[in-house]
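**Student:** Residue 236 in our numbering sits at position 236 of the sequence shown, with consecutive numbering throughout.
Sharing a structure here in structure tokens format.
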Amino acid sequence: MSVAEKTLSQQAIDLENKYGAHNYHPLPVVLSRGEGVYVWDVDGKKYYDFLSAYSAVNQGHCHPKIVGAMTNQAQTLTLTSRAFYNDMLGKYEKYASEYFNFDKLLPMNTGAEAVETALKICRRWAYEKKGISENEAQIIVCENNFHGRTTTIISFSNDQVARKNFGPYTQGFIKVEYDNLEALESALKSNNNIAGFLVEPIQGEAGVYVPSDGYLTAAKALCEQYNVLFIADEVQTGIARTGRLLATCGNCTCENKDCSGTPEVKPDILILGKALSGGVYPVSAVLANDPIMNVITPGSHGSTFGGNPIAGAVAMAALDVVKEEGLAENADRLGKLFRSELNKYIENSDICTLVRGRGLLNAIVINDSEESDTAWNICLRLRDNGLLAKPTHGNIIRFAPPLVMNEEELMDCVSIIINTLKEFE
Ligand SMILES: *Cc1c(COP(=O)(O)O)cnc(C)c1O
Numbered sequence: 001m002s003v004a005e006k007t008l009s010q011q012a013i014d015l016e017n018k019y020g021a022h023n024y025h026p027l028p029v030v031l032s033r034g035e036g037v038y039v040w041d042v043d044g045k046k047y048y049d050f051l052s053a054y055s056a057v058n059q060g061h062c063h064p065k066i067v068g069a070m071t072n073q074a075q076t077l078t079l080t081s082r083a084f085y086n087d088m089l090g091k092y093e094k095y096a097s098e099y100f101n102f103d104k105l106l107p108m109n110t111g112a113e114a115v116e117t118a119l120k121i122c123r124r125w126a127y128e129k130k131g132i133s134e135n136e137a138q139i140i141v142c143e144n145n146f147h148g149r150t151t152t153i154i155s156f157s158n159d160q161v162a163r164k165n166f167g168p169y170t171q172g173f174i175k176v177e178y179d180n181l182e183a184l185e186s187a188l189k190s191n192n193n194i195a196g197f198l199v200e201p202i203q204g205e206a207g208v209y210v211p212s213d214g215y216l217t218a219a220k221a222l223c224e225q226y227n228v229l230f231i232a233d234e235v236q237t238g239i240a241r242t243g244r245l246l247a248t249c250g251n252c253t254c255e256n257k258d259c260s261g262t263p264e265v266k267p268d269i270l271i272l273g274k275a276l277s278g279g280v281y282p283v284s285a286v287l288a289n290d291p292i293m294n295v296i297t298p299g300s301h302g303s304t305f306g307g308n309p310i311a312g313a314v315a316m317a318a319l320d321v322v323k324e325e326g327l328a329e330n331a332d333r334l335g336k337l338f339r340s341e342l343n344k345y346i347e348n349s350d351i352c353t354l355v356r357g358r359g360l361l362n363a364i365v366i367n368d369s370e371e372s373d374t375a376w377n378i379c380l381r382l383r384d385n386g387l388l389a390k391p392t393h394g395n396i397i398r399f400a401p402p403l404v405m406n407e408e409e410l411m412d413c414v415s416i417i418i419n420t421l422k423e424f425e
């Protein structure tokens, strides 16, 4: 086929294949526009976005308030570096610290950088506050975790695809089973050099695994007992995704009074990213109280872009939208509806065995082996039927639409999903 005969989609795909490193395996759809819960491909076909850029676009695509804050700031001052002060960063740090009820915020750009930052803070705290001997600190992590792609982070991943031939790996991590308090306690008991426990309140990438009720609270209590920092990676679960402002939703200022389910936990270190900017700009952050955050001193950590004025303006607008539009409440309500509608279908389904999740972070389990391509094929058919989603692991499909969805749209999506699944029964 000559270039002129190729479809616009195929041209875009071919360009990425030829000139881009092959570090992803995208669903074959080429998007060129987004608004709210919808995206459009290069041929003008409209889809419901049920991935939301891995829960970065909680506030909906191209939210006018967030885009407005960004363009306004972009025309005023974009980057100063932290060599100088800028008039936006302090405002943003105050706003976000009060919003999440912590003393201080450390601004970074991507989720992985924020996780790295949290690990560095935790190690410093271990040596300077807890009194662990230098280079001896250990951090407990969970099996099947996903915390990003840096060399240190993949060192404690057990995803072989993410790790293979990227060694040698960073030392100082102990892995325990997720949602297993005994495993956590025995790791804490057997070693005096434990500095922290890094955990996702729900394991998103692993396939939306929701821990047992009370797990996080009990894990936090164990951390207190052993003087170990409880570090919550809420990069994916945070910012209203799970039907509350944070999935750990401790002592925060969340307005949602009806977020029943998991009890409240206040992390010692909170890691945010993704929807902190509503998906318009890379903004991540680490929050902690002074006794912990003050181990960071001038020169000990930094980022050229971290804390830039655009990021500050964007994040404040994105957090405003979450409150103004009641996104936590909406995610809570629509999530319950989504699971109950899918459960009705699953009762009599052979292809789909389970729906699980919290708020609008959900997944279904397809009745086939992890190696099968059934889930992938279902996602291709969902695409044809106007809804975009992607398998997480083999036979699991994650469903995470923007939180600005309304009930009518959600019910429309439920019928697209069920009708598509019926084609595979
Ligand atoms: C996406 C994600 C990260 C990494 O964020 P990046 O911005 O891709 O570096 C870290 N932790 C969790 C839980 C995530 O979902």
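For glycine and all other residues, C-beta sits at the position ideal for the given N, C-alpha and C.
Everything numeric in this text was worked out from a predicted model, so none of it was measured.
Can you tell me whether DSSP reads S81 as helix, strand or coil?
**Tutor:** S81: coil per DSSP, three-state reduction.
**Student:** By a C-beta neighbour count over all protein chains shown, 10 Å radius and 16 as the cutoff for buried, is A400 buried or exposed?
**Tutor:** buried
**Student:** Go ahead and pull the three-state DSSP assignment for V414.
**Tutor:** helix
**Student:** Output yes or no for whether 9 Å exceeds the beta carbon distance between R241 and A275.
**Tutor:** Result yes, Cβ atoms of R241 and A275 sit closer than 9 Å.
**Student:** So for C62, helix, strand or coil by DSSP?
**Tutor:** Three-state result, C62: coil.
**Student:** Once you ignore the five residues that flank L31 on each side, which residues in its own chain have a CB closer than 6 Å to its CB?
**Tutor:** Apart from the 5 residues on each side of it in sequence, L31 sits with its Cβ closer than 6 Å to the Cβ of V39, D41 in its chain, given in chain order.
**Student:** Just curious, the alpha helix (DSSP H) that L89 is in, first and last residue?
**Tutor:** 89 to 100
**Student:** Applying the 10 Å Cβ sphere with the 16-neighbour rule, what's the burial state of D213?
**Tutor:** D213 comes out exposed.
**Student:** Measure the C-alpha to C-alpha separation of Y19 and S9 and round it to an integer number of angstroms.
**Tutor:** 16 Å
**Student:** For ligand 1, is there a heavy atom less than 8 Å away from the beta-carbon of T151?
**Tutor:** Short note on T151: C-beta not closer than 8 Å to any heavy atom of ligand 1.
**Student:** When DSSP builds the beta bridges, which residues end up paired with N362?
**Tutor:** G357, F399
**Student:** Roughly how many angstroms separate the alpha carbons of T304 and Y95, rounded to a whole number?
**Tutor:** 22 Å
**Student:** Below 8 Å on the Cβ atoms is my guess for A363 versus I397; work out the distance and round it to an integer in Å.
**Tutor:** 6 Å
**Student:** Less than 8 Å separating the Cβ of Q11 from some heavy atom of ligand 1?
**Tutor:** no
**Student:** Relative to the alpha-carbon of A126, which residue among D14, R149, M293 has its alpha-carbon at the smallest distance?
**Tutor:** Proximity to A126 across D14, R149, M293 peaks at M293, based on C-alpha coordinates.
**Student:** What separation, rounded to the nearest whole angstrom, lies between the Cα atoms of K104 and I366?
**Tutor:** 43 Å
**Student:** Expressed to the nearest angstrom, what Euclidean distance is found between the alpha-carbon atoms of T170 and N135?
**Tutor:** 12 Å
**Student:** So E35 is in the beta strand (DSSP E); what residue range does that whole segment cover?
**Tutor:** 31 to 35
**Student:** Give a single yes or no on whether F173 has its beta carbon closer than 8 Å to a heavy atom of ligand 1.
**Tutor:** no
**Student:** Compute the Euclidean distance between the alpha carbons of F102 and S284, then round it to the nearest angstrom.
**Tutor:** 15 Å
**Student:** Would DSSP call I174 helix, strand or coil?
**Tutor:** strand
**Student:** On the three-state DSSP scale, how would you describe F166?
**Tutor:** coil
**Student:** At which residues does the alpha helix (DSSP H) containing G111 begin and terminate?
**Tutor:** 111 to 125 is the span of the alpha helix (DSSP H), which, as asked, contains G111.
**Student:** Could you compute how far the alpha carbon of C142 sits from the alpha carbon of E113?
**Tutor:** Their Cα atoms are separated by approximately 19 Å.
**Student:** Restricting to Cα atoms, I'd like to know which of N165, R339, A118, G273 is closest to T353.
**Tutor:** Taking only the C-alpha atoms, the option nearest T353 is R339.
**Student:** Would you say the beta carbon of V235 comes nearer than 8 Å to a heavy atom of ligand 1?
**Tutor:** Result yes, Cβ under 8 Å from ligand 1.
**Student:** Comparing the CB of E205 with every heavy atom of ligand 1, is any distance shorter than 8 Å?
**Tutor:** yes
**Student:** For V210, which residues in the same chain have their Cβ closer than 7 Å to its Cβ, ignoring the five residues on either side in sequence?
**Tutor:** I202, R356, G357, R358
**Student:** Let me make sure I understand the geometry here. Which of G111, K45, A219, L106 has the alpha-carbon closest to that of H147?
**Tutor:** G111
**Student:** Ligand 1 and I271: does any heavy atom of the ligand fall closer than 8 Å to the residue's C-beta?
**Tutor:** yes
**Student:** Among C223, N419, S369, A389, which one has its Cα closest to the Cα of Y345?
**Tutor:** N419
**Student:** Note down the Cα distance separating V314 from N385, rounded to an integer number of angstroms.
**Tutor:** 33 Å
**Student:** Sort P309, P28, P26, K46 by Cα distance to E35 and report the nearest one.
**Tutor:** K46
**Student:** For L15, count neighbouring Cβ atoms within 10 angstroms of its own Cβ and tell me buried if that reaches 16, exposed if not.
**Tutor:** exposed
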